[in-house]
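There are 2 protein chains.
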Amino acid sequence: MRIVITGGFGFLGRQVADALLKRRTLCGAPLTRLVLADRFVPADAALTADPLVDVVQGDLTERLDEIFARPVDVLIHLASAVSAECEADFDLGMSANLDTTRALLDAARAQGAAGGPLPRLVFSSSVAVYGSDPALPLPPVVSEATLPTPLSSYGTQKRVCEQLVAEYTRRGFVDGRVARLMTVAVRPGKPNAAASGFLSGIIREPLAGLPATCPVSPDLRVALASPRRTVEGILRVAEAGRGSGPGELAGALPVNLPALTVTVAEMLGTLRRVAGDAVADRVTLTPDAAVEAIVGSWPAAFDNARATALGLLPDESFEAVVLAYIEDHPEAIASADLPAAGAFGP
Amino acid sequence: MRIVITGGFGFLGRQVADALLKRRTLCGAPLTRLVLADRFVPADAALTADPLVDVVQGDLTERLDEIFARPVDVLIHLASAVSAECEADFDLGMSANLDTTRALLDAARAQGAAGGPLPRLVFSSSVAVYGSDPALPLPPVVSEATLPTPLSSYGTQKRVCEQLVAEYTRRGFVDGRVARLMTVAVRPGKPNAAASGFLSGIIREPLAGLPATCPVSPDLRVALASPRRTVEGILRVAEAGRGSGPGELAGALPVNLPALTVTVAEMLGTLRRVAGDAVADRVTLTPDAAVEAIVGSWPAAFDNARATALGLLPDESFEAVVLAYIEDHPEAIASADLPAAGAFGP
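Going down the list, the sequences are from chains A and B. Quick note: the first sequence uses the numbering used here, first residue 10, plus one each step. Quick note: the second sequence uses the numbering used here, first residue 10, plus one each step.
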């Protein structure tokens, strides 16, 4: 089984690749090649040392021949311009998200049309497809039956691609699946410019010994998923059968990956409980109406029935999310701070 | 006010053009030029005789410079590959519907970006955006809040374009509006290959003295709109203001044009009542499971609240639809047949 991951060296791409290299199998077949396609390949990427890994570097639309030079069994399409970029540069977003996805779909279709295997294509969409249109406010609990009314260029591009994946699947051109990713927290690494960035920052920075600001009211409710659960969801959607039985996906309706609903106050309380007062006190409440408006317009509660039928569950608690972050990123923890830091080691 | 109609010599394009040339005004401003753009221009088109009319013939994407050579105030985009074509030739549909609409949107955006007026763009979408996905059956009554799950390439392309129009509007690139057209009946002219064709044919052919077959069960419910109501709806959506008051359109959520729900039995009963037994007896019931499956998967009942707020109402009865057809198309009626044919003359 030759698997391609676009955005293979991004935050999620690396984690999906790691998981596949550990499992060495997908859909019951052995992994024979893992192609990581990305515009940027870090010089020190440990992944490239694995003999199963091939690297395709450059703009996706210019590397399709290389990617499809040998049959692609599964393509996990994670590459994307992010929301802030798409809002700042409309044409870049349309090109990087819409046109590139369409080119991938057409290349996959060409493989099948030429007698090759029907590629299984997992498209990573986003909770950003939902926006609260004044003419049609979101219901209190959102499901895949809720009409997405995106209020960002990024959300529109993701939503349009979801429908192209559904249509290419209906026509028999690809075996397409859509996983809608929730806001992922706690993300490791540097703060980014995303409006949701603080949802990782208010945990990550204090644990690293750094100050953090929380721009929203503590009673704001948000829907989150840990990186572990997100990777698990992507691979489960990739593996799902095509019947209408339990654990199978009929049609190409997206799957909202499971979300844990928490208040920001619960997040901060968890940090205090897990890491102690000294760490939690590094967070300052600095209200920012603009950020509160954006994040507050996102759905905070989901009916996860479709994901549950695939065997996917939300994180069991925000405490579990924080403990997993500490376990996965010992390098990012100012351990001396923690009341019982040793308990969190691997 | 310079108004452009794409598909200007199609069935609806000609009727919209006729209505505009009669009114000589739109949005309170006088009509100064009416540009009819189409791939085919009939040699005998009476419309071209009007001194206000300009004709742009050829592929839209190759004629954008000509269309936008002078400022476009309102663009009514009716040109489209039809559903059967899009299903038979996927690439043709993607090009004619998706790529062409995007090119129009970009040309309109360029006009505003160059300091010209912000073009008002009316996109004609279709009830075909709705399909009954096995994983998510349609509710008994459909509204604009219902998630469209198109089950045709045509419906997918229309739905994707709806979302691009909404996004270009949100970004301030155009003033876009989306009118979702219902199944239009009674259509004049020749039978076409559409699955819905019989909904016009079972009225039109008998009135013309010809036999007709009805491929569905008489108790099937369908949602229809007359050509008159459809043209009225397109122009009303074009004229709607942009506030949130009554009769105004906030945001770019589509408007489902109003639909009259009737059973096929009621349609046939109306024909018998209006035109007599001899005419109605020309219809033969010849069940066709394939046609029944397609037409039966379409929504049959709508919550028309959004259209009503714009002052749009469905046809008052199917009898009114048939009488209007007879009045508008005396050339297509074998008048000798009718019990009181003179009553229907102009």
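We put the beta carbon where it would ideally sit given N, CA and C, even for glycine.
Under the Cβ criterion of 8 angstroms, B/P143 is counted among the residues facing chain A. Taking C-beta atoms under 8 angstroms as the contact rule, A/L266 and A/L322 fail to qualify, at a distance of about 10 angstroms. In this structure, A/R72 and A/A105 do not form a Cβ contact; the two beta carbons are roughly 14 angstroms apart against a cut-off of 8 angstroms. In the three-state scheme derived from DSSP, where H, G and I count as helix and E and B as strand, A/L127 is classed as coil. When the Cα atoms are used, B/R111 and A/T270 turn out to be separated by approximately 38 angstroms. The C-beta of A/S253 has fewer than 16 other C-beta atoms within 10 Å across all chains shown, which makes the residue exposed.
In this structure, DSSP gives B/F132 an extended state, which the three-state scheme calls strand. If you check each beta-carbon in the segment 159–177 of chain B against every beta-carbon of chain A, the ones closer than 8 angstroms belong to P159, L160, S162, T165, R168, V169, Q172, L173, A175, E176. Counting C-beta pairs with one atom in each stretch, the segment 153–165 of chain B and the segment 91–107 of chain B have three or more that are closer than 8 angstroms, which means they touch. Excluding residues up to 5 positions away in sequence, A341, A343 lie with their Cβ nearer than 6 angstroms to the Cβ of A/A217 in the same chain. At least one C-beta of chain B is nearer than 8 angstroms to the C-beta of A/R180. Think of a sphere of 8 angstroms around the beta carbon of A/T155: the chain B residues whose beta carbon falls inside it are L156, in chain order. Here A/D324 carries a coil assignment [DSSP, helix/strand/coil]. In this structure, B/A232 places its C-beta atom within 8 angstroms of the C-beta atom of B/T192. In this structure A/I243 is in contact with A/I85, their Cβ atoms being roughly 7 angstroms apart against a cut-off of 8 angstroms. Contact fails between the segment 196–212 of chain A and the segment 204–221 of chain B, because fewer than three Cβ pairs, one in each stretch, are under 8 angstroms apart. The beta carbon of B/E96 is closer than 8 angstroms to those of G102, S161, S162, Y163 in its chain, skipping five residues each way along the sequence. Taking the C-beta atoms as reference points, B/K167 is found nearer than 8 angstroms to B/S135.
As the crow flies, the alpha-carbon of B/P308 is around 53 angstroms from that of A/A54. Scanning the segment 63–133 of chain B for uninterrupted alpha helix (DSSP H) segments of 4 residues or longer gives 73–76, 92–97, 99–102, 109–122, listed from N- to C-terminal end. Chain-order list of chain B residues neighbouring A/F99: R180, by C-beta distance under 7 angstroms. Just so you know, the alpha carbons of B/A58 and B/S152 end up roughly 41 angstroms apart. Between the segment 223–239 of chain B and the segment 296–316 of chain B there are three or more inter-stretch CB-CB distances shorter than 8 angstroms, so the stretches are counted as touching.
With respect to chain A, the C-beta atom of B/G250 has no partner C-beta closer than 8 angstroms.
The beta carbons of A/V187 and A/V195 sit no closer together than 8 angstroms. With a 10 Å radius around the Cβ and a threshold of 16 neighbouring Cβ atoms, A/G16 comes out buried. Rounded to whole angstroms, the gap between the alpha carbons of A/L43 and B/M10 is 59 angstroms.
Here A/V246 really is in contact with A/V131; their C-beta atoms are around 6 angstroms apart, less than 8 angstroms. In this structure, DSSP gives A/E248 a helical state, which the three-state scheme calls helix. Among the residues of chain A, those whose CB is under 8 angstroms from the CB of B/L262 are D142, A144, L145, T158, following chain order. The beta carbon of B/E275 sits closer than 8 angstroms to those of F327, all from its chain and outside the five residues before and after it, given in chain order.
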